[in-house]
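With the UniProt record's numbering, the residue at position 9 of the sequence shown is 9, and numbering never jumps. A virtual CB, placed ideally from N, CA and C, is assigned to each residue, including glycine. Presented below is the structure to which this report refers.
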Amino acid sequence: MSDSAKSCFPPVVNAQTRLLILGSLPGDASLRAAQYYAHPRNQFWRLLGELLDDDLPGLDYPSRLAALQQHGIGLWDVVAQARRPGSLDAAIRDLSPNDLPALCASLPALRAIAFNGGTAASIGRKQLAGMVSQPLLFDLPSSSPAYTLSYPAKLSRWLALRAVLA
1 MSDSAKSCFP
11 PVVNAQTRLL
21 ILGSLPGDAS
31 LRAAQYYAHP
41 RNQFWRLLGE
51 LLDDDLPGLD
61 YPSRLAALQQ
71 HGIGLWDVVA
81 QARRPGSLDA
91 AIRDLSPNDL
101 PALCASLPAL
111 RAIAFNGGTA
121 ASIGRKQLAG
131 MVSQPLLFDL
141 PSSSPAYTLS
151 YPAKLSRWLA
161 LRAVLA
């Protein structure tokens, strides 16, 4: 993919969404596949599978999304559109943020938002700063293979989300 404008996918949410997980902007592998977290080395589906005690990596993509929604989990990104050569968050330029407050207001069961990585947290927290009633916010280590924290260390932080889903 080139340095041309890249856009996020539509949100995957419903009225039962209790936890919204926000990434920054889909990487090139995800954009090519038209799927959230499609890079084979991205640990997102493995982390969520362990969190939910469900074999998400073994499911096809529509079944993965259905499983998340059954557990009250939604997905979206903090960036609506941006220029970015490659897939690294550090290369994001000229971004247009998503309207996170509007999405949150449309989710009656929303209890928490988890940011998948530092860029998502930085942009997302700015977008949510003006909300009167703010859900719990979690800053998680990125599931990206570019973020080299060990898998067990990532998992220990991601497992904190279980309290929201209980």
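Buried/exposed call for residue i, threshold 16 Cβ in 10 Å
i	result
T17	buried
M1	At M1 the pLDDT is 46, less than 50, meaning the model places this residue with poor confidence and gives no usable figure here.
R64	buried
residue 180	An answer regarding residue 180 cannot be provided, because it is not within the stretch 1 to 166 covered by the chain.
Q70	exposed
G130	exposed
V149	Before going further, note that residue 149 is Leu rather than Val in the sequence given. Its Cβ having fewer than 16 others within 10 Å, L149 is exposed.
Y151	exposed
L100	buried
L68	buried
Distance between residue j and residue i (C-alpha atoms, nearest Å)
i	j	result
L19	T119	19 Å
Q134	A146	30 Å
I92	N116	16 Å
Test item: CB-CB of residue i and residue j under 8 Å
i	j	result
L51	L140	no
residue 167	A82	No answer is possible for residue 167: the residues shown for the chain start at 1 and end at 166.
G74	V164	no
S143	L47	yes
R125	L137	yes
P26	F9	yes
Reduced DSSP category for residue i - H, G, I as helix; E, B as strand; rest coil
i	result
I123	helix
M1	Note that M1 scores a pLDDT of 46, beneath 50, so its modelled location is shaky; the value from the coordinates is reported in the next line. M1: coil per DSSP, three-state reduction.
S63	helix
V132	coil
Q81	strand
V13	coil
G23	strand
G86	coil
D28	helix
L52	helix
S150	coil
G72	coil
P97	strand
Any non-hydrogen atom of the ligand FAD closer than 7 Å to residue i Cβ
i	result
G23	You won't find the ligand FAD in this model; it holds no ligand whatsoever.
Q.
Quick check: the segment 104-113 against the segment 77-95, are at least 3 beta-carbon pairs closer than 8 Å?
A. no
Q | Contact between the segment 63-78 and the segment 118-132 (3+ Cβ pairs under 8 Å) | A | yes
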